[in-house]
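Each residue of the sequence shown is one higher than the one before, counting from 1 in this note's numbering. The C-beta atom is built at its ideal place from N, Cα and C for all residues, glycine as well. Below is one structure; the comments refer to it alone.
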Amino acid sequence: MSKRHAITAIIYDKKGRPISTGQNSYVRTHPLMARMARLSGEPSRIYLHAEVAAIVRLKNNKRAHSMFISRFTSDGFPALAKPCLSCQRLIDLIGIKYVEHT
Numbered sequence: 001m002s003k004r005h006a007i008t009a010i011i012y013d014k015k016g017r018p019i020s021t022g023q024n025s026y027v028r029t030h031p032l033m034a035r036m037a038r039l040s041g042e043p044s045r046i047y048l049h050a051e052v053a054a055i056v057r058l059k060n061n062k063r064a065h066s067m068f069i070s071r072f073t074s075d076g077f078p079a080l081a082k083p084c085l086s087c088q089r090l091i092d093l094i095g096i097k098y099v100e101h102t
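Pasting the structure below:
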């Protein structure tokens, strides 16, 4: 059985409208993900997380108000989707005020 999960992050503006989405990747990375991983003391966690993917796709960081993160196991069951230390640092840096995860 694979330990891979499908993780999705959705960023909303103050009115609750989705303004960006992102999904995790087990093969792609991004310089911002690698930088946040190093700053958090987790330099090996360079593969793209859903939260970082959604933040990278934002057109205007100032509109970001809240984020919803969901995670499903390879069997299709929901699992905890709390942001890791690297992602939480970036979420705080961007100024996203509310984070909900399942």
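- Around the beta carbon of Gly41, fewer than 16 other beta carbons sit within 10 angstroms, so the residue counts as exposed.
- Secondary structure note for Arg38: it is in no beta strand (DSSP E), and the uninterrupted alpha helix (DSSP H) holding it is Pro31 to Leu39.
- By the Cβ-count criterion, Ser86 is buried, with 16 or more other Cβ atoms from all chains shown falling within 10 Å of its own Cβ.
- Here DSSP, grouped into helix, strand and coil, assigns Arg71 to strand.
- One alpha carbon belongs to Arg57, the other to Arg35, and they sit about 17 Å apart.
- Listed in chain order, the alpha helix (DSSP H) elements of length 4 or more contained wholly in the stretch 46-95 are 50-56 and 85-94.
- Here the alpha carbon of Cys84 sits roughly 10 Å from the alpha carbon of Ala37.
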